[in-house]
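J.: Residue numbers (our numbering), protein chains in the order written: chain E, -7 to 539; chain G, 62 to 285. There's a structure below that I have some questions on.
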Amino acid sequence: MKITLLPRSAGRHINGWTMTSVIGAAAVLLPILYVLAGLFRSPNENWDKVKQFLLTDYMLGSAKLVLFTGFFAALLGVSLAWLVAGYTFPLRNFYKWALVLPLAVPPYIAAYTYSSMTGYTGIIQATLRNRFGIVLPPGTIEIMSDRGAVFVLTLFLFPYVFMITRVFLERQSASFIENARLLGHKPLSVFFRVVLPLARPAIMAGFMLIVFEVLSDYGVANYFGVQTVSTAIFQTWFGMYDVQSAMRLAAWLMLGVISLFVLERWLRRSKRYSATTSRSNPFKPQQLRGVAAWGAAVFCTVIFVLAFLAPIAQLTAWSIQHGSTVWRSGFADLTVNTLKGAGIGTAIILLIALLSSRAARMFDSPLMQALARLMSAGYSVPGAIVAIGVLAVFLALDDRLAPLYKAMGKEEGALVLSLSLAMLIAGYVIRFLATGYGALEAGYEKMPRAYSEASRTLGRSSLATFLRVELPLIKGSLLSGFVLTFVEIVKELPLTLLLRPFNYDTLSTRAYQYAADERVFDAALPSLLLVLIGLVSVLFMLKAERK
Amino acid sequence: MCYVAIEHITFRFAGGQPPVIDGLSLTMSRGEIVGILGASGSGKSTLLRLIAGLEMPESGSIAIDGRLMVDERTFLEPEQRGVGMVFQDYALFPNMTVAGNIVFGLHKLKKSVRQERLEQMLELVQMKEYARRYPHELSGGQQQRVALARALAPQPSVLLMDEPFSSLDAHLKAAIRSELRQILRKANITCLLVSHDQADIEAICDRALHINIRDEQDTPTKIR
């Protein structure tokens, strides 16, 4: 008979599963809190300058980018979703999934591809000049600007809104829309009076994803010379070597992100429609004819070409023309580095996610719910903030461990952890834990609790139940969690740029550096490889959504 | 001598809420089949989950065959209790065959003994030809028989059945009721069965208990 000194319930709740969740949540939270605490430290001289001359510009720059991109991407995403969900027209079935493909292209790659394509020697101006004798006055297509950044971010992020809204419309809204039609509303009126209000939560969800992506963006803004808080963090860190002020900037950005996060929750709470009937019949689209049908097809095609086909074709052409030079310069090393970092990061993330999603499942307490929510929050924290928080924590750790290093025969003030790959991996884990956790949480939600309970009543321990019953049943979620997380890490730019050890390059950092050094042709091959890897994850998302 | 002794069990889902089960006591003798009748929400499934160790009572104690399962200071995990349970929707592991499901709880037995026990169980529920099928290839009644065989295989001290007929078509009910009664008799098992349908209980059980929603009446009363 088991008699413990702890109260019965405490003994049941303190174990490996829950401890992992607590550690996972703490790991996510610690660097972020560290950054926020920066607001309460006394600023240095440099900060006064930054605050006086630059802070307002940075904030406005970020706000403008977020608002314009969010607006246009939502507009594009919703109208395409409604078109594809509500009507049939030529190529509709193809565009249903093809319009999600732009998500495979990291926006920073699209940025330098487009900027070269639209430049004086780029394919567009060159063709006009050589074939048709048209010389555009300089500045006609000026993509290296705020407008260019909005253009690129919109084209390559709109699928978030498109995908979520389309699925929502197909699954949830059939009877409402059919009723509106029966009640004599014209298509436009149906759209504005029924579809838009109904789909608002879905649109908001996609919109917020885009907002967080834009706030986190460094590659596009920096390449196009747009001042944002994220680029400012880089400049104060690497330009002025002022980590303190960089941390302060990060703290301000973090405050912005937190208020957005709270705002989103609040908006969602106050406006949630739930269907009064649980029976949802599939939505039958209306047939478009003649000009309308072809118009819809052309509209989708234009977007698809701009947001996927054209940049991919261009990258492919460059890769074929210039690939051989890139192969020589340590391409294999790049690939190995990329796969190693992403592999280790993903493995750690999935381990934490697996243990803590199970803990959340076993102990449905408010504490576990809060921990789960914290672990999913990392995704909305921009890479630059995660990076600076991790750096600060690792520097502090090195400081603490200094006596140990000395005992091991290293010189005074040696930096061990903060110059190691471990720091980068820690950054990856914090930033992308949410991706892995989300996949596994979804897997557990789909599995009835009774399976685990049946196993326990059949005399199997909690661990045996996990290994023999639960693990085989969430294999699929584990696989998709692996793919999604792995690809996110492979594509990640700002975090890798900030936290990598000396001379450690990945496909994304090298591609971006080539592009920044005006060697766009050399950037093409690694970029293309990144897009291909990205495609794998998009295909996984599409497959998961079809279920 | 009472084989199952449940004393003054109180349970609530969350602190501050009224208890779902308030001071319930119940005894069963060995080999007895007892039915519990009550409307949904009356806490009858919760009672089974408390006995199985899937929920922890706020107070009270449960002992089976003289062995203490839970009281104020002790809590045996479900796998230590030797209690069998047939779940409402059977919870057959979808990734295992019928045979795989039945031997799942026999991990402590030697391989030859395990095989022998599997044969016995398949014989008992007359599912011999289905041993290699997967749960989704079976009808509702067949699934129920497999779930029963799986729960009985490790020779539990008590069998708990949660709404055994709720997932079955109405016209199959009568036949399956008498079949279930036969199997339970043959297995000579102490069984606690929960249903919202008086006819189920009358057809199968030796004795029935009424459990009422709390604010109508606090303690369960015997009807027979």
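Heads up, the beta-carbon is just placed ideally off N, CA and C, and yes, glycines get one too.
Using only the alpha-carbon positions, how far apart do A285/E and F291/E sit?
T.: As a first step, residue 285/E must be located in the first sequence, where it is residue number 293. As a first step, residue 291/E must be located in the first sequence, where it is residue number 299. Roughly 10 Å between the two C-alpha positions.
J.: From the DSSP output, read off the bridge partner residues of L85/G.
T.: Position 24 of the second sequence, counting from 1, holds the residue named residue 85/G. L85/G is bridged to I70/G.
J.: Residues of chain G with CB closer than 7 Å to the CB of T449/E, please, in chain order.
T.: Start at 1 with the first residue of the first sequence, and residue 449/E comes out as number 457. The contacting residues are A113, P139, V144, G145 and M146.
J.: When Cβ atoms are compared, which residues of the stretch 156 to 169 of chain G fall closer than 8 Å to chain E?
T.: Within the stretch 156 to 169 of chain G, the qualifying residues are N156, F165, G166, H168 and K169.
J.: Closer than 9 Å, Cβ to Cβ, to anything on chain G: give me those residues from the stretch 449 to 465 of chain E, in chain order.
T.: The residues in question are T449, L450, G451, R452, S453, S454, A456, T457, R460, V461, P464 and L465.
J.: Out of I123/G, D258/G, A264/G and A231/G, point me to the one whose CA is closest to R246/G's CA.
T.: Position 185 of the second sequence, counting from 1, holds the residue named residue 246/G. Closest option to R246/G, Cα to Cα, is A264/G.
J.: Taking 8 Å as the threshold (C-beta atoms), are I101/E and V523/E in contact?
T.: For this step, residue 523/E is matched to residue 531 along the first sequence. For this step, residue 101/E is matched to residue 109 along the first sequence. Contact: yes.
J.: May I have the straight-line CA-CA distance separating L580/E from R423/E, to the nearest angstrom?
T.: With chain E running from -7 to 539 in the structure shown, residue 580/E is simply not present.
J.: I need the straight-line Cα distance from P23/E to I225/E, nearest angstrom please.
T.: As a first step, residue 23/E must be located in the first sequence, where it is residue number 31. As a first step, residue 225/E must be located in the first sequence, where it is residue number 233. Approximately 16 Å between the Cα atoms of the pair.
J.: From this set, V206/E, P464/E, A213/E and V461/E, which residue's C-alpha is nearest V373/E's C-alpha?
T.: As a position in the first sequence, residue 373/E is number 381, starting the count at 1. Comparing Cα-Cα distances from V373/E to each of V206/E, P464/E, A213/E and V461/E, the minimum goes to V206/E.
J.: When the Cα atoms are used, what is the spatial distance from A208/G to I163/G?
T.: Stepping through the second sequence from its first residue, residue 208/G is reached at position 147. Stepping through the second sequence from its first residue, residue 163/G is reached at position 102. Rounded to the nearest angstrom, the two C-alpha atoms are 8 Å apart.
J.: Look at the Cβ atom of L213/G, then the Cβ atom of M188/G, and state whether they are nearer than 8 Å.
T.: For the purposes of this step, residue 213/G is identified with residue 152 of the second sequence, where counting begins at 1. For the purposes of this step, residue 188/G is identified with residue 127 of the second sequence, where counting begins at 1. Cβ atoms of L213/G and M188/G: not closer than 8 Å.
J.: Assign K276/E to one of two classes, buried (16 or more other C-beta atoms within 10 Å of its C-beta) or exposed (fewer than that).
T.: In the first sequence, residue 276/E corresponds to position 284, counting from 1. It is exposed - the Cβ of K276/E has fewer than 16 other Cβ atoms within 10 Å.
J.: Quick check on R392/E: does DSSP put it in helix, strand or coil?
T.: As a first step, residue 392/E is located in the first sequence; it is residue number 400 there, counting from the start. It is helical.
J.: Please check if any C-beta of chain E sits within less than 8 Å of the C-beta of G77/G.
T.: Taking the second sequence and counting its residues from 1, the one referred to as residue 77/G is at position 16. Chain E contact via Cβ: absent.
J.: Name the chain E residues whose beta carbon is nearer than 9 Å to that of R211/G?
T.: For the purposes of this step, residue 211/G is taken as the residue at position 150 of the second sequence. Per Cβ cutoff of 9 Å: A446 and L450.
J.: How would you label Q306/E, buried or exposed, when you count the other beta carbons within 10 angstroms and need 16 or more for buried?
T.: By one-based count along the first sequence, residue 306/E stands at place 314. So Q306/E counts as buried.
J.: With a CB to CB cut of under 6 Å and the five nearest residues on each side skipped, what residues in its chain are close to I115/E?
T.: What you label residue 115/E is simply residue 123 of the first sequence in a count that begins at 1. Around I115/E: M109.
J.: For Y429/E, does the count of other Cβ atoms within 10 angstroms reach 16, so buried, or fall short, so exposed?
T.: Residue 429/E sits at position 437 when you count from the first residue of the first sequence. Looking at its Cβ environment, which holds 16 or more other Cβ atoms inside 10 Å, Y429/E is buried.
J.: Identify the continuous beta strand (DSSP E) that holds M400/E and give its terminal residues.
T.: Here residue 400/E corresponds to residue number 408 of the first sequence, with the count starting at 1. First-last for M400/E: undefined, no H or E at that position.
J.: Measure the C-alpha to C-alpha separation of A55/E and L245/E and round it to an integer number of angstroms.
T.: Mapped onto the first sequence, residue 55/E falls at position 63. Mapped onto the first sequence, residue 245/E falls at position 253. Distance between the alpha carbons of A55/E and L245/E is about 11 Å.
J.: Residues of chain E with CB closer than 8 Å to the CB of A152/G, please, in chain order.
T.: Sequence index remark: in the second sequence, residue 152/G carries index 91 (1-based). Here the neighbours are P440, A442, Y443, E445 and A446.
J.: On the three-state DSSP scale, how would you describe R460/E?
T.: Mapped onto the first sequence, residue 460/E falls at position 468. If DSSP states are grouped into helix, strand and coil, R460/E belongs with the helices.
J.: Within a Cβ cutoff of 6 Å, which residues of the same chain sit near A103/E, ignoring the five residues on either side of it in sequence?
T.: The residue labelled residue 103/E in the question sits at position 111 within the first sequence. Cβ neighbours of A103/E beyond the five flanking positions: V144, V212 and Y215.
J.: Does the stretch 495 to 512 of chain E come close enough to the stretch 470 to 486 of chain E that 3 or more CB-CB pairs lie under 8 Å?
T.: A contact exists between the stretch 470 to 486 of chain E and the stretch 495 to 512 of chain E.
J.: For L253/G versus L129/G, is the C-beta distance shorter than 8 Å?
T.: Within the second sequence, the letter at position 192 stands for residue 253/G. Within the second sequence, the letter at position 68 stands for residue 129/G. Not closer than 8 Å, so no.
J.: Just the C-alpha distance for A238/E and W229/E, rounded to the nearest angstrom, thanks.
T.: Start at 1 with the first residue of the first sequence, and residue 238/E comes out as number 246. Start at 1 with the first residue of the first sequence, and residue 229/E comes out as number 237. A238/E and W229/E: Cα-Cα distance of roughly 6 Å.
J.: Just the chain E side, please: which residues come within less than 9 Å of P196/G by C-beta, in chain order?
T.: The residue labelled residue 196/G in the question sits at position 135 within the second sequence. Correct list: empty, because the minimum Cβ distance to chain E is about 11 Å.
J.: Against P215/G, what residues of chain E qualify as contacts under a CB-to-CB distance less than 7 Å, listed in chain order?
T.: Mapped onto the second sequence, residue 215/G falls at position 154. By Cβ distance, chain E contributes L450 and G451.
J.: Nearest-angstrom Cα distance between E162/E and K88/E?
T.: Mapped onto the first sequence, residue 162/E falls at position 170. Mapped onto the first sequence, residue 88/E falls at position 96. Distance between the alpha carbons of E162/E and K88/E is about 11 Å.
J.: Straight-line CA distance for Q219/E to S453/E?
T.: Locating residue 219/E in the first sequence gives position 227, counting from the first residue. Locating residue 453/E in the first sequence gives position 461, counting from the first residue. Each residue's Cα considered, the two are about 57 Å apart.
J.: Could you check whether L432/E and L470/E sit closer than 8 Å to each other, using their CB atoms as the reference points?
T.: Your numbering for residue 470/E matches position 478 in the first sequence. Your numbering for residue 432/E matches position 440 in the first sequence. Result yes, Cβ atoms of L470/E and L432/E sit closer than 8 Å.
J.: Do the CB positions of G69/E and P179/E come within less than 8 Å of each other?
T.: Here residue 69/E refers to the residue found at position 77 when the first sequence is read from its first residue. Here residue 179/E refers to the residue found at position 187 when the first sequence is read from its first residue. Their beta carbons are not under 8 Å apart, which means G69/E does not touch P179/E by this criterion.
J.: Once the 5 residues before and after A65/E are set aside, which same chain residues still bring their CB inside 7 Å of it?
T.: The count along the first sequence starts at 1 and reaches residue 65/E at position 73. Contacts found: T146, L149, F150, V153 and I202.
J.: Mapping DSSP to helix, strand and coil, what is H168/G?
T.: For the purposes of this step, residue 168/G is taken as residue 107 along the second sequence, with counting starting at 1. Three-state DSSP puts H168/G in coil, outside helix and strand.
J.: My output table needs one value for F424/E: the three-state DSSP class, helix, strand or coil.
T.: Looking up residue 424/E in the first sequence gives position 432. Three-state result, F424/E: helix.
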